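Chemist:
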Amino acid sequence: MLLIDCPYCGPRAEIEFAYGGEAHIARPAADVSEAEWAAFLYLRDNTKGVLAERWRHSHGCGRFFNALRDTRTDRFHAFYEIGTPRPDVGDAA
Amino acid sequence: MVEIAEGCALAGLPPMVRLVLQGRAAALDAAATSLGLAAPPPMLRAASGTGGTALRLGPFELLILPTPDGRAGVDTALATVPHSLVEVSDRNVGFMLEGARAADILAGLCPLDFALSSFPVGMMTRTLLDKAGAMIWRTDAQSFHIEVWRSFGPYVEAQLREVAQGISFSLLAV
Amino acid sequence: MQKFSAFSLARQAVGRHLGWRPQWRSAAPKPSYDIIIVGGGGHGLGAAYYLAKQHGLRNIAVVERGWLAGGNTARNTTIIRSNYLFEQSSSYYEHALKLWEGLSEELNYNVMFSQRGCLMVAHTVHDVQVFKRHVYANRLNGIDNEWLTPEETKAFCPPLNISPNIRYPVLGAALQRRAGTARHDAVAWGFARAASDLGVDIIENCEVTGIDRDPSGKVTGVQTTRGPIRAGKIGVSAAGHSSVVLAMAGIRLPLQVNPLQALVSEPVKPAFPCVVMSNTIHAYISQSDKGEMVIGAGTDSYVSYTQRGGLHIPAHTLEAICELVPDFRRLRMLRSWGGITDNTPDRSPITAKTSVPGLYVNCGWGTGGFKATPGAANLFAWTIARDEPHPINAPFTIERFRDGTLIDEAAAAAVAH
Amino acid sequence: MSGAFRLAGRGRIDTTRPVVFRFDGRMVRGYAGDTVASALLAEGRHLMGRSFKYHRPRGPVSAGSDEPNALIGVGEGGRYTPNLRATQVEIHDGMVAVSQNRAPSLRFDIGALNTLAAPLLPAGFYYKTFMWPRGFWDKVYEPLIRRAAGLGRAPTEPDPDHYALHYAHCDVLVAGGGPAGLAAALAAGQAGARVILCDENAEFGGSLLADTYSLIDGLPGGEWVARIVAELERLPNVQLLTRCSAFNYGPHNMVALNQRLADHLATPPAHMPRERIWQVRAREVVLAAGALERVLVFEGNDRPGIMLASAARTYLHRYGVACGRKAVVVTADDAAYRVALDLAEAGVKIAAIADLRSTPGGPLVEAVRARGIEILPATTIQRAHGHLRVTGAELAPVGADGGVGKGRTVSCDLVLMSGGFTPSLHLHSQARGALRFDDALGVYLPGESIERVRSAGSCRGMFALDDVLRDGVAAGLAATGGKSGPEWAVTRQDAPGTGGFAGALPRRGPGHLALAFVDFQNDVTAKDVKLAVREGFRSIEHVKRYTTTGMATDQGKGSNVNALAIVSNVLGRRPEEIGLTTYRPPYTPVTFGAFAGHARGDQFDPLRLPPMDAWARAQGAVFEDVGLWRRARYFPRVGEDMAAAVARECRAVRAAAGIFDASTLGKIEVAGPDAAEFMNRFYVNVWTKLGVGKCRYGLVCRDSGFVYDDGVVGRIAADRFHVTTTTGGAAGVLNMMEDYLQTEWADLDVWLTSITEEWAVIALQGPRARDILAPLVDGLDISAGAMPHMTLREGSIGGVPMRLFRVSFTGELGYEINVPSSQAQAVWDRVWQAGASLGLTPYGTEAMHVLRAEKGYLIVGQETDGTMTPADVGCGWAVSKVKPDFIGKRALALPAMYAPDRLQMVGVLTDDPRTMLEEGMQLVTAAETPIPTSAEGHVTSSYFSPALGRSIAIAMVKGGRGRMGAALYALRLDGPALKVTLVDPVFYDPEGARLNG
């Protein structure tokens, strides 16, 4: 069970959270092409390495936030608020 | 209070007024002032003033337990600030779990660390009690105020009792 | 190829089994192949076999970054069934099921396909509606599926608890009698042996690090940890790593990998006669020939390539098993493991051409890949050989996500497993 | 003393407390502290089990949890448990144990005939045969194989015991309570850290409990352990757990422990859980898992009476049992010499020590020599003799060239083997720790890990006691940042063993028929491993899978290193080139029930009961599960079946009035200055023009364009909406709202609060609804003119605050009375009383479904299956054409989303009004349809309509709305297809006169 450091509540057990998928995918306006819309809805990097992802502390403060996690090890490298840019942590495993 | 384990008792809490306030800092500040607090309590802390108690559930969220006279003041203070104030007095039911084994019993259902150093008196948070969402508020070293949504009450109570029955066997607090 | 039979076994026994030869040739990469299959799991090995066997192609290689069939082929709960809801899905899985029924003979390798029947247990009125829809839809498509009352369910699988007084009583079950289990390793080894016999090069410990293309965009080969290899066509069947491989050709996939865990109990004498699945309480169980209860747990929510997940996931599954089969409460977990499932948004697979000429992909099998093995291999081979899909896999494109023509088995409550 | 092999004055058993238990029906006497194995060995009995494939007679090879052979069934009835290790099961009075996998008896097992057929049953034989004739596999061959396989029989009664779960947090978790673990725990504990120390055995001490030679601070092992444990017990920050195995090392230092509480007790106290799983989140973990002695692989190495040397030492010093009278020791390591000395001192004759090394030397060897025990250097064991018990060992010299000469047979009743020690790396490996091969020791050792974990003591290849203690202290300090820790003087100890052996022992002749076991339980022999390599299985994972070595219930603890060495030798490659199989959790098997913990029976999942549940129960309602909720499905009167009850309830609603507990509907309060804007973006409908006090049916799509949820929304104030969702969709909709609000539209000043359980909902439906309600509401005009359909009013009812919605899911005049949950029953009672004389009838979810189907109202999740657009289900009217954006807008513009052949919601009627369709039936164009055929559609809802006096159904049909009046055929599973006609899905009161009355 992962230990997730909620930016608002501190480190908590994974079961308090809901996963929110890849982060930094902005919803485009409704007049984009079919391909752009499909990319927004469905295409994902599925990163093997450091992935920016969203979590919601659903059984806690209720807030969404972003995290950087290495999908090769499940190690977290950063936690940051929605709307803030992705921190640079390189490709460290 | 009913003793559910040696030195540990569980009781349902009487009805009380519960208000969920959500808003940006100005709204939380205004509400805190009306309760007689200098500022909203920090995250995961409760604070009591003349108008009632505020529990900081989230960065933009307070659970307010007003005194009988405190409710009106909250309404007034928020009149001009964007906010959402919703009464949930009946949404939740409360329990009081008290005694030397109280933290151990909670640890049978909840992944939080209840050591006093990690979860001091006055701390509160939403979390899970097994499969039920819950709010746990440490009101004293050996006293916990627990809130769950009404329909989860029987489940949580039964779980607390089940854990309490087996708690004394080879389990020591660390 | 050395023929496998009771007779050959006896003859070899006389020779103290010294006469057995390797079941497949371990090949070193040649400079060039007509077709390279990336991924040496059951699907990839099978595709190579069918390319050679049915499409008359010979100059084929399978490249595998680790050891053969070490991915999802080695990590699943071996359930085989075709009772999916949508016609497109059930046709695909039924194609596979029919191939399963003759696979041991086809490959001269006992894959131990055991048609023990699969019960999908209903616990709510909604479950009953959904599973009956499955029964009717499957029957229209010529796929066996029948509805059982709780008593009939119990008669078919005596250890099940059908008491009306449990938290989620059993309200009935949909039974596919032709469903069952097979020996996972045997399928991959059988395909490897048969493909190798047809001249396919099986190259292990060879990781693809790049895809080469000519100025027109068409693929020309792969870069690997064992050097460059030229190829006319490339078929990627790399499960969760398909995203990684296709990214080398600039293609993003609608794919996300999640850990999926499974476990077995210590072996006991025969006690559980069939496969039982309960989507509502998340329990999937059968008993292996060795006697272990094979139990599928749920999927961890997050993207991960670690092949492990949280213990709360199998714990939740075991809660459900203990409710459904309370006699098994004192059995013990012997071994648990994690795999990487590759999931599409509609939980249906992709077996298709890509936008890059000469590049084909078979992925997105989620939790359903094992049961599809011969079918997916067969249709992937067809698609590569003819540069067009077979009618059965024609709907399973990447473009369906752009066009909105999803095949949404997940939403249709037929949680695949 | 009971037992001919029990040695007075030895062991840690309590000889003042005799214990009597049964094994295979026979009374066995032992003492408190004995295991089943030690008690049987005390009687001179080694035969305890039969192997998996060949049913070979087997005795214990170990004295702990790694035992592959001596597996037994323990307990009776619901408490019967198969496959327990006799070497671990502590005896108590009245215990009943049985041997397994034998018929008719342990001594005479018909299955042992398999041994004769062994030449025909090499590794993987089943892949090569049983293929003919086709279809015989699962009908004939497989059942035979299955009956032969398996170990114990499965339990056939529900387990009455309880299990517990406990989350714990600590600074340092120490796994393993041998010398390294004790030292680490004390160092960390004295540094003030929160420490948990666990050990799988009944007492701490590990190897020290069987070590009477070494002296620490002048104390023998056992006494030193007692002193340290006492010190640890005095530290309030240290938690000590015995009979507790660390079995799973999960991500981020979450380690699971399995504590066995009750099995060793004859009569456990009431409410004592049988086992407890600890989920420990540790800041740091110290692994002190120890090392396991390796078996030697030689012909007949599985005969009862052949065991690990360290096991014999354990039986001697912990249980006071001599495992035989006359022993042969075969070793490649010094440690076995100490065992020989101990046994000799206890009166066991050591017939010979065969040492695989050519020049064994050192103080231990000299001590043995001095005692007059014969040492045979450069000697192997060619084979062991005997059947149910070893009777002799053929010892043969190994020449300088590796060739084995002719040997001599030494008679004995005990063969002790020692191939050296293998560090236990299971948890380190589970923690994704790297492994590195150590050439000097010939074993793998722990390398770097991504977790905060360190190994200490023999599990990282440290074998001298003083080193081990220092290493433990260092680990404890490193984990806490402490500067200084306890120090002890090891005043006497054996030098660490040198040598060691892995793989098959050298032998004379090719041994093609020899059964030299690598994996005892699974009957995998050295030649099986070689065969796998011959057949091209070169990866160690392949070898494991092809031969099943390492897949038995000991998970390869005793076999993996030998299998690896054999493969390495055959291929001529170094072990690290071949790799190691993955260590899979759990370390040792863990009971299913322990994982389930408190989640059993009614507590398996929360049971959510709506506010009027007790009332419904008192009325005799029949219930159904809807998600976590249990809802009243119908209210049968005496003699009524479901159809009759539902028909009566429906008629009552249409003729008079019905009352229904709709409290489970999801409810969300959307409040803030931007509430209307938020609603506009979230729903497909337009909200800006909805007046305060008005309601509207709202539809939610996903951004994929498919219908997600629906419900009525009321506008309480300009900046406040009372949103309802489906029962099942409540949590999902709120989460989706928060998702868009927090991550896409963070600029909006609007906030969401779940009010599902704040407001109970009493649905009052039917032509008399207003008559019943009007007198009850406090000063509120609810007349048709004052409060038309789709409006809401805030007020009170009998002094209870109320949000009153005039809405209808039945097609009748209706209200949904929202009142605070705690007062709902009182309000319900008042309405009930008021309606008594007006024919008010309670109805359940089934009648609710019938009534809405008569009106053609869809149910999300029944008509929809996640692939329907609003237009598909006849709700295209709800979708705004003017809003610039809303969730789903872009996708709904895709051509596929309005293709003419999409499934569309229609009504269908059978020719015969009494004929009922079944939900899920497929619709086709012809009565006689070849199989397979593509469906034209399917039935989603089907009921008998009391209002129409006939069956009705709703279906999703391709292009259905353009095919009104057309005929289709519904296929039955048996019998001819049923002709149906497509009609408008609104069957009842299509103009809505009743609704607006």
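Keeping their order, the protein sequence lines are chains A, B, C and D.
Just so it is clear: in the first sequence, position 1 is 1 by UniProt numbering, and no numbers are missing.
Just so it is clear: in the second sequence, position 110 is 110 by UniProt numbering, and no numbers are missing.
Just so it is clear: in the third sequence, position 278 is 278 by UniProt numbering, and no numbers are missing.
Just so it is clear: in the fourth sequence, position 871 is 871 by UniProt numbering, and no numbers are missing.
We put the CB at the ideal spot given by N, CA and C, even for glycine.
Note that the structure is predicted; figures quoted are calculated from it, not measured.
(1) Of the residues that make up the segment 5-36 of chain A, which ones have a beta carbon closer than 7 Å to any beta carbon in chain B?
(2) May I ask which residues mark the beginning and end of the beta strand (DSSP E) holding B/C8?
(3) Drop a sphere of 10 angstroms on the beta-carbon of D/D471, count the other beta-carbons inside from all chains shown, and report buried for 16 or more, exposed for fewer.
(4) For D/T915, which residues from the same chain have a beta carbon less than 8 Å from its beta carbon, with the 5 sequence-adjacent residues on both sides left out?
(5) Cβ of B/R45 within 8 Å of any heavy atom in the ligand ADP?
(6) Check whether the segment 69-76 of chain D and the segment 125-138 of chain D are in contact - that is, three or more C-beta pairs closer than 8 Å.
(7) Just to check my reading of the structure: D/A266 and D/G485 have Cβ atoms closer than 8 Å, yes? What is that Cβ distance to the nearest angstrom?
(8) Can the beta-carbon of D/R357 be found closer than 9 Å to that of D/P377?
(9) Across the segment 835-848 of chain D and the segment 965-972 of chain D, are there enough close Cβ pairs to call them in contact, namely three or more that are closer than 8 Å?
(10) Could you tell me which of D/V89, D/H162 and D/Y80 sits nearest to D/A39, measuring between CA atoms?
(11) Within this structure, are the beta carbons of D/F204 and D/G181 separated by less than 9 Å?
(12) By a C-beta neighbour count over all protein chains shown, 10 Å radius and 16 as the cutoff for buried, is A/V89 buried or exposed?
(13) Is the separation between the beta-carbon of C/L171 and that of C/P150 shorter than 9 Å?
(14) Go through its chain and collect everything with a Cβ distance to C/R183's Cβ below 6 Å, but skip five positions before and after it.
(15) Cα separation between D/E43 and D/A504?
(16) Report the residue from D/S821, D/G601, D/G361 and D/H317 whose alpha carbon sits nearest the alpha carbon of D/G222.
(17) Residues of chain A with a CB under 8 Å from the CB of C/P345: which are they?
(18) Would you say A/L2 reaches chain C, if we count a Cβ-Cβ gap shorter than 9 Å as a contact?
(19) Could one say the Cβ of C/F401 lies closer than 9 Å to chain A's Cβ atoms, at least one of them?
(20) Would you mind telling me which residues of chain A sit closer than 7 Å to D/L894, beta carbon to beta carbon, in chain order?
(21) Helix, strand or coil for A/F65? Go by DSSP, reduced to three states.
(22) Would you call the segment 691-709 of chain D and the segment 769-781 of chain D touching, i.e. three or more CB-CB distances under 8 Å?
(23) How would you label D/F52, buried or exposed, when you count the other beta carbons within 10 angstroms and need 16 or more for buried?
(24) Report the three-state DSSP secondary structure of D/Q382 (helix, strand or coil).
(25) Starting from the C-beta of D/V980, find all residues in its chain whose C-beta is less than 6 Å away, skip the five residues before and the five after it, and write them out in chain order.
(26) Counting only the same chain and skipping the five closest in sequence on each side, list residues whose C-beta sits under 6 Å from that of C/R226.
(27) Of all the beta strand (DSSP E) runs that stay within the bounds of the segment 48-131 of chain C, which reach a length of 3 or more residues?
(28) Roughly how many whole angstroms lie between the Cα atoms of A/C9 and C/E292?
(29) Are the segment 259-266 of chain C and the segment 295-313 of chain C touching, with three or more C-beta to C-beta distances below 8 Å?
(30) Quick check: D/V96 and D/A70, are their CB atoms within less than 9 Å of each other?
(31) Is the CB of A/R54 under 9 Å away from at least one CB in chain B?
(32) DSSP three-state label for D/K881, please.
(33) Kindly list, in the order they appear in chain A, the residues whose Cβ is closer than 8 Å to that of B/L57.
(34) What first and last residue would you give for the beta strand (DSSP E) that runs through D/A311?
(35) In three-state DSSP terms, what is C/P314?
(36) Check each residue of the segment 655-674 of chain D: if its Cβ is closer than 7 Å to any Cβ of chain B, include it; give the result in chain order.
Modeler: Taking the definition as stated:
(1) Y8, C9, A13, I15 and E16
(2) C8 to G12
(3) buried
(4) Taken in chain order, the residues that qualify are S951 and L978.
(5) The ligand ADP is absent from the structure shown, which contains no ligand whatsoever.
(6) no
(7) Between D/G485 and D/A266 the Cβ distance is about 41 Å, and since that is not below 8 Å, they are no contact.
(8) Against a cut-off of 9 Å, the Cβ pair of D/P377 and D/R357 comes out as a contact.
(9) no
(10) Taking only the C-alpha atoms, the option nearest D/A39 is D/V89.
(11) yes
(12) exposed
(13) yes
(14) So the list reads V111 and M112, once near-sequence residues are dropped.
(15) 32 Å
(16) The shortest C-alpha to C-alpha distance from D/G222 to any of D/S821, D/G601, D/G361 and D/H317 is the one to D/H317.
(17) The answer, in chain order, is L41 and Y42.
(18) True, the Cβ-Cβ gap to chain C drops below 9 Å.
(19) yes
(20) E34
(21) strand
(22) Short answer: they don't touch.
(23) buried
(24) strand
(25) V908, T910, L968 and A970
(26) P29 and C206
(27) 60-63 and 118-122
(28) 43 Å
(29) yes
(30) Contact flag unset, no.
(31) no
(32) coil
(33) C61 and G62
(34) According to the DSSP assignment, D/A311 belongs to no beta strand (DSSP E) but to the alpha helix (DSSP H) extending over A309 to Y319.
(35) helix
(36) Residues E669, A671, G672 and P673.
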